[in-house]
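In the working numbering, the protein residues as written are -13 to 74.
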């Protein structure tokens, strides 16, 4: 029996997960300086884990800036062409 195509997700491991592994929790606690090497690995304190959307807005802003940058030279070229027609 084969695995269904819907279950074969290319970026399955890169998506947001609500539950962190013990190693990930310890790493975050170390970053927050709430865990030391002497502490037990069992019964770890809770660690906040939120899904971040920082990359999306920045990417949209860059696309908008690029679009504005490409439109500006064409508008300038159009105004110079109309000025030339008025002179000639």
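Note that CB positions come from ideal geometry on N, CA and C, so glycine has one too.
Contact under 9 Å by Cβ, residue i with residue j
| i | j | result |
| --- | --- | --- |
| residue 11 | residue 28 | no |
| residue 14 | residue 33 | yes |
| residue 35 | residue 6 | yes |
Three-state secondary structure (DSSP) of residue i
| i | result |
| --- | --- |
| residue 13 | helix |
| residue 5 | coil |
| residue 49 | helix |
| residue -9 | helix |
Residue nearest to residue i in terms of C-alpha spacing, selected from the options
| i | options | result |
| --- | --- | --- |
| residue 26 | 18, 8, 17 and 37 | 8 |
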